[in-house]
Ligand SMILES: [Zn+2]
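Numbering (my numbering), first residue to last: 1018 to 1158.
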């Protein structure tokens, strides 16, 4: 009985640790893939559960890593694939309307949430489920 209980605690601990790893993301340094996936426009790209960074020095950029971890949370909340579909659909709709790549990118609700909160390193501890929906409103930049 005691062993069974310890096994459950062990499994819970392992599960918590796996979830913790997923939420932190696995950082991979790859100039090629970061450039390829961002069209040479970003220092980092999040492809759940990986955070690709262009240079190893960015590994210690806590704000950048926090920004990407916010995207990991968003992706997980939308069960990953729908996140990317939504992300690119939003980008496309903004781009068609304003015809400016950077402005269209900055208006994506996921990016607004990430940019708004990237400097708050405690943000992910208090972030509400589907918090990005608060950034649909164009006034909430
Ligand atoms: Zn972003």
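From the three backbone atoms N, C-alpha and C, an ideal C-beta is built for every residue, glycine too. Everything numeric in this text was worked out from a predicted model, so none of it was measured.
DSSP state of residue i mapped onto helix, strand, coil
| i | result |
| --- | --- |
| residue 1153 | coil |
| residue 1161 | Since the first residue shown for the chain is 1018 and the last is 1158, residue 1161 is missing from the structure and cannot be characterised. |
| residue 1146 | coil |
| residue 1059 | coil |
| residue 1044 | strand |
Cα-Cα separation between residue i and residue j, rounded to whole angstroms
| i | j | result |
| --- | --- | --- |
| residue 1063 | residue 1088 | 7 Å |
| residue 1044 | residue 1111 | 29 Å |
| residue 1029 | residue 1113 | 47 Å |
| residue 1072 | residue 1051 | 9 Å |
Contact check, residue i vs residue j, beta carbons under 7 Å
| i | j | result |
| --- | --- | --- |
| residue 1152 | residue 1136 | no |
| residue 1121 | residue 1105 | no |
| residue 989 | residue 1067 | Nothing in the structure corresponds to residue 989, since the chain is present only between 1018 and 1158. |
Identity of the residue in the options nearest residue i by Cα
| i | options | result |
| --- | --- | --- |
| residue 1061 | 1094, 1039, 1086 and 1124 | 1086 |
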